[in-house]
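This report concerns only the one structure given below.
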Amino acid sequence: MEKDDFIVPGISATVSFTSIREIIHDHPQWPRSRLSRELCDMWGWYGSNGQRKDMACRDLLLKLENAGHITLPPRRRPSPNGFRNRQLKLVFHDTSEISCPLKALLPLRIESVSKGADDDIFRCLVSCYHYLARFLILPWVKVPHLASHILSQVIRRLSGDWEGKYGHGVSLVETFVDTSRYRGTCYQAANWRYLGQTKGRTRNDRDHSMEVPVKDIYAYPVDKGFRERLCHER
64 MEKDDFIVPG
74 ISATVSFTSI
84 REIIHDHPQW
94 PRSRLSRELC
104 DMWGWYGSNG
114 QRKDMACRDL
124 LLKLENAGHI
134 TLPPRRRPSP
144 NGFRNRQLKL
154 VFHDTSEISC
164 PLKALLPLRI
174 ESVSKGADDD
184 IFRCLVSCYH
194 YLARFLILPW
204 VKVPHLASHI
214 LSQVIRRLSG
224 DWEGKYGHGV
234 SLVETFVDTS
244 RYRGTCYQAA
254 NWRYLGQTKG
264 RTRNDRDHSM
274 EVPVKDIYAY
284 PVDKGFRERL
294 CHER
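Our numbering applies: residue 64 is where the sequence shown begins, and numbers increase by one.
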């Protein structure tokens, strides 16, 4: 028999598979979004800004379903995950080499990608050159110090952008560098802190049987009081 109670970081209330199953059974008309909101209220799962940790709850429910502990109500609409559901639109883009000193390009403007033409070209570039959708200088851009400069500019506005979209700021950011392919030079130049290395496993490697590249771990404190905020977050 499976252990019914389990611990969720940030929740002081008792959480059990049975209680989640009962709520799903008693309210079959609830969509998944309503279910996650109600569970947040029941568990007292709120961020420091007082808002429900709705996305974290949805992620938890999906993991529990994938593990066979619960059965969620059917989806009422396609997942909003654009990369999974959206057919790629190929967009023409100039790949002429850009090779010059950084000062020749300054000042640079950092913009958030919005729907429309910007969104189409962004998704096209990510699909063609970087499937992980993470930080990347395109291969035809050869400008010394550009990567570290962009990192610094992005960090300055990250917390504000995050606050506007998700309702809370960012205290600390982290990244992982595959040491078999990269050296992490741009993170070092942008004053990110080296924390150590991974163990060559993934979070899904419960049987210690998977072998993945060892990665360097870097972090950058966005908020000077990040230790206090992260250690006291509930």
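Ideal placement from N, C-alpha and C gives every residue a C-beta, glycine not left out.
Everything numeric in this text was worked out from a predicted model, so none of it was measured.
- Taking 8 Å as the cut-off, the Cβ atoms of V206 and I173 do not count as close.
- The region 234 to 247 makes contact with the region 277 to 286; the number of CB pairs closer than 8 Å reaches 3 or more.
- If you look at L98, you'll find it in the alpha helix (DSSP H) that goes R95 to W106.
- Taking the Cα positions, R95 is about 7 Å away from P136.
- Here S222 is not near A253, since their CB atoms are 8 Å or more apart.
- About 7 Å separates the beta carbon of W108 from that of R115, a gap short enough to meet the 8 Å contact definition.
- DSSP places T81 in no beta strand (DSSP E) but in the uninterrupted alpha helix (DSSP H) bounded by F80 to D89.
- In this structure, DSSP gives D279 an extended state, which the three-state scheme calls strand.
- Taking C-beta separations shorter than 7 Å and ignoring five residues to either side along the sequence, the partners of S175 in its chain run D224, following chain order.
- With fewer than 16 other CB atoms across the displayed protein chains lying within 10 angstroms of its CB, W203 is exposed.
- Exclusion of the five residues before and after T242 leaves Q260, P276, V277, K278 and D279 as the residues of its chain whose Cβ lies within less than 8 Å of its Cβ.
- Nearest in C-alpha terms to S177, of all of L169, P170 and R186, is R186.
- Judged by beta-carbon spacing, F80 lies within the 8 Å limit of H132, meaning their Cβ atoms are closer than that value.
- Between L235 and L153 a beta carbon distance of about 37 Å is seen, past the 8 Å cut, so the two are scored as non-contacting.
- Secondary structure note for V217: its alpha helix (DSSP H) is the uninterrupted segment L209 to Y229.
- For G230, the closest alpha carbon among the candidates H208, A167, M118 and F155 is that of M118.
- For the pair R84 and T134, the Cα-to-Cα distance works out to about 8 Å.
- Considering only I86, E128, N129 and F155, the residue with the shortest C-alpha distance to L188 is F155.
- Among the bridge pairs identified by DSSP, S190 is matched with none.
- CA-CA distance, L124 to L102, rounds to 10 Å.
- Looking at the DSSP output, E237 shares a beta bridge with A282.
- C163 is classed as exposed because its beta carbon has fewer than 16 other beta carbons within 10 Å across all chains shown.
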